[in-house]
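Start counting at 1 in the sequence shown, then tack on 658, and there's your number in my numbering.
The C-beta atom is built at its ideal place from N, Cα and C for all residues, glycine as well.
Here is the structure we will look at, set down as structure tokens.
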Amino acid sequence: MSKRVVSGIKPSGELTIGNYLGAMKGWAANQHKDGYENFFFIANLHAITVKQDPELLRKRTMDIVAWLLTSGVDPNRSVIFIQSMIPAHSEICWILNNYVTMGELGKMTQFKDKSQKTGREGQIAGLFDYPVLMAGDVLLYDADEIPVGVDQVQHVELARTIAQRFNNSHGETFKIPKATLTENSSRIMSLNEPEKKMSKSESQDSYVAMDDKPEAIIKKFKRAVTDSDNTIKKATDKPAISNLLAIYSGFTDRSIEEIEKEYEGAGYGKFKNDLGEIVAGVLDSWQKRFSEIREDNDRIQNVISEGNSKAETLAKEKLGIVKDKLGLH
Ligand code: TYM
């Protein structure tokens, strides 16, 4: 039996190289392994947990489809679909809400972090419920593997708990999925605060966006903070250089050891300069490819309608089974 891989990405702002190295790159690579069926979707229902401009949300949703195609996700090998266009996602979320406690949801790190400003009581319920929608996203498709960055692992763990609980009450219904991480780059850190995750919601200097221009990329890497000594070596007490090495390795497909060897005796200045040039070179060529793909609206619409129709068939079937078990049919 083939294994199923399911993962999603939110269209809520610029894509960063963290999204690429932590998730999309692995998605594209996985398509070339035998025995896998791949499902990748744009999590636009998750995006509305933050206020969105409707036109911009629509545009960004299409942008991400085009970025997936640019980064090598191939619609002949993967199903690409839009979460909100498959109503089963919202429906299963409501059902699964009855298999999770307020205590479990309140422990989610992302919810706690995002509620720091507003306080728990002032936070919208959608953000609290976010992991349940995510659980539905993967359980609907009998996913085996969920390739994500480290920040999403806790949510996948909760999806496992929800699935197990449902199965215990109603008999075997859902597969128990597991999170899979990309080697070295499952947690790309901020360029100016390497103890924090690289994120588009932080300052512009702290992340590289997939559509940053070459000069900006080179400048950002030049300014990236470094650790106290001047050796290019990965180490737990050297978070800044370890992060830059991970990015270097991710963009060149060379091992960290090999890169360390090449830069033995060289200083941070040369290393950061080379890294900037490498990332700028790759992203510059991708941006050109992205523009061509993005212009071909018919192709994007075709990819989406084919993907939606394949995803919907499976999602409807699983939702039907669930509703049957609960006496909702
Ligand atoms: P999102 O849109 O925040 O991020 C998409 C993917 O990129 C990874 N990522 C990173 N990986 C490494 N280093 C970073 N700095 C970094 N920043 C982001 C994320 O871990 C993620 O894998 N809730 C999800 C979307 C989602 C989903 C799902 C994922 C909705 N339903 C079901 C998997 C399965 C999210 O907000 O990802």
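Using the three-state DSSP reduction, which class does residue 696 fall into: helix, strand or coil? strand
Which one of 698, 865, 882 and 974 has the shortest CA to CA distance from residue 932? 882
Here's the rule I'm using: 16 or more other beta-carbon atoms within 10 Å means buried, otherwise exposed. How should residue 818 be labelled? buried
Mapping the DSSP letters down to three states, classify residue 720 as helix, strand or coil. helix
Give the list of continuous beta strand (DSSP E) stretches no shorter than 3 residues that lie fully inside the segment 783-820. 803-805
Roughly how many angstroms lie between the CA atoms of residue 751 and residue 721, to the nearest whole one? 26 Å
Relative to the ligand TYM, is the shortest distance from any of its heavy atoms to the C-beta of residue 810 smaller than 7 Å? yes
Does the distance from the C-beta atom of residue 737 to that of residue 965 stay below 8 Å? yes
CA-CA distance, residue 820 and residue 987? 22 Å
At least 3 beta-carbon pairs within less than 8 Å: the segment 871-887 vs the segment 933-949: yes
Among residues of its own chain, excluding the 5 on either side of residue 921, which ones have a beta-carbon nearer than 6 Å to its beta-carbon? 890 and 929
Taking 7 Å as the cut-off, is the C-beta of residue 696 nearer than that to any heavy atom in the ligand ZN? You won't find the ligand ZN in this model; what it holds is the ligand TYM.
Cβ-based burial, residue 690 [other Cβ within 10 Å; buried from 16]: exposed
Considering only C-alpha positions, which residue in the set 697, 973, 905 and 671 is nearest to residue 661? 697
Distance cut-off 7 Å: residue 800 Cβ against heavy atoms of the ligand TYM: no
From which residue to which residue does the alpha helix (DSSP H) around residue 738 run? First-last for residue 738: 736-740, but that is the beta strand (DSSP E), not the alpha helix (DSSP H).
Could you check the C-alpha separation between residue 717 and residue 948 for me, to the nearest Å? 14 Å
Just verifying my parser: in three-state terms, what is the DSSP assignment at residue 682? helix
Rounded separation between residue 988 and residue 923 - CA only: Lying outside 659 to 987, the shown extent of the chain, residue 988 is not represented and no answer is given.
Verify whether the separation of the beta carbon atoms of residue 673 and residue 905 is less than 8 Å. no
Compare the C-alpha of residue 667 against each of 719, 709, 707 and 694 and name the closest. 719
Could you please give the first and the last residue of the uninterrupted alpha helix (DSSP H) stretch that includes residue 923? That residue, residue 923, is in no alpha helix (DSSP H); it is neither H nor E in DSSP.
Enumerate in chain order the residues of its own chain whose CB-to-CB distance from residue 958 is below 7 Å, with the five nearest sequence positions on each side excluded. 720, 723 and 724
What residue range is occupied by the uninterrupted beta strand (DSSP E) comprising residue 837? 836-838
For residue 971 and residue 951, the rounded distance between their alpha carbons: 27 Å
Does the separation of the CB atoms of residue 796 and residue 835 fall below 8 Å? yes
For residue 662, which three-state DSSP category applies? strand
Below 8 Å CB to CB, which residues in the same chain sit around residue 708 once its five sequence neighbours on both sides are set aside? 670
Close beta carbons around residue 799, own chain, < 8 Å, minus the five adjacent residues each side: 662, 664, 697, 969, 972, 973 and 976
Taking three-plus beta-carbon pairs below 8 Å as touching, is the segment 853-863 in contact with the segment 821-828? no
Since residue 847 sits in a beta bridge, which residues does DSSP pair it with? 855
Where residue 667 falls: helix, strand or coil (DSSP): strand
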